[in-house]
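*Asks:* To start, I am sharing the structure in question, which I have written as structure tokens.
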Amino acid sequence: MNPFASNIHLPEGLLTPHHTRITRRLSSMKGQYADQPAFDTMLAKEDTLIYEVYENKVPEVRGQLLHGTSIVHPGKVGDEYFMTKGHFHKVLATAEVYYCLHGHGFMMMETPEGESSAMELLPGMVLYVPPCWAHRSINIGNDDLVTLFIYPGDAGHDYGTIETKGFRKIIVENDSQPAIVDNPHWLAK
Ligand code: PAN
Ligand code: ZN
9 MNPFASNIHL PEGLLTPHHT RITRRLSSMK GQYADQPAFD TMLAKEDTLI
59 YEVYENKVPE VRGQLLHGTS IVHPGKVGDE YFMTKGHFHK VLATAEVYYC
109 LHGHGFMMME TPEGESSAME LLPGMVLYVP PCWAHRSINI GNDDLVTLFI
159 YPGDAGHDYG TIETKGFRKI IVENDSQPAI VDNPHWLAK
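Residues in the sequence shown are numbered from 9 upward in steps of one, following the numbering used here.
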């Protein structure tokens, strides 16, 4: 393949040109938010757009690097901030770099062994997600959270583990402040 370049338009995070645009609405996040009644009430009104991802595709083989932008819109389901689904990589021992371009958020991360880490994302911050850590971006601000991500082309995604078990920790608004708390629905198995 040949070298290629694209532009990131800020503050919206649009990548031009791009190969794929993924949109995730509230309906695709069933069971992920702690406050199920708040989720149902919200969904009954509107299937709100929670986040978007622009990607430039590369062959899904070792040696390639895949990159794109992720835009998590501001909002909450009950007290819990809008977030991505989150995943482990299918090839578990593959890492990822995130560069925060706009907004204010957290990256929630955890390992299969039970270690947990939540790191703040502010414009200019580069975050390294080491191999084997599941990751989810969470928007705690009033504006879009825009990040650039880069990960190995052969990493793939395992969404099932998080869909079934959830993350051990979630971030909710408490007295107008973000609070990292235990996920009441987290399943040990
Ligand atoms: C990112 C994420 C992106 C959307 O490209 O895929 O932020 O989050 P979900 O994939 O959890 O819906 C990444 O981490 N890729 O590996
Ligand atoms: Zn990833």
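Note that beta-carbon positions come from the ideal geometry of N, C-alpha and C, so glycine has one too.
Have a look at LEU195 and PHE12 and give me their C-alpha separation to the nearest angstrom.
*Replies:* 43 Å
*Asks:* Contact defined as beta carbons within less than 8 Å: I believe LEU74 pairs with VAL66. What is the distance between those atoms, to the nearest angstrom?
*Replies:* 5 Å
*Asks:* Just to confirm, does GLU104 get its C-beta within under 8 Å of one of the non-hydrogen atoms of the ligand ZN?
*Replies:* yes
*Asks:* Mapping the DSSP letters down to three states, classify PRO25 as helix, strand or coil.
*Replies:* DSSP, read as helix, strand or coil, puts PRO25 in coil.
*Asks:* Taking all protein chains shown into account, do 16 or more other C-beta atoms lie within 10 angstroms of the C-beta of GLN40, making it buried, or fewer, making it exposed?
*Replies:* buried
*Asks:* So the candidates are ASN10, GLU20, ASP48, VAL105; which of them puts its Cα closest to the Cα of GLY111?
*Replies:* GLU20
*Asks:* How far does the beta strand (DSSP E) with LEU195 in it reach, from first residue to last?
*Replies:* That residue, LEU195, is in no beta strand (DSSP E); it is neither H nor E in DSSP.
*Asks:* Could you say if the segment 128-141 and the segment 170-183 meet the contact criterion of at least three C-beta pairs nearer than 8 Å?
*Replies:* no
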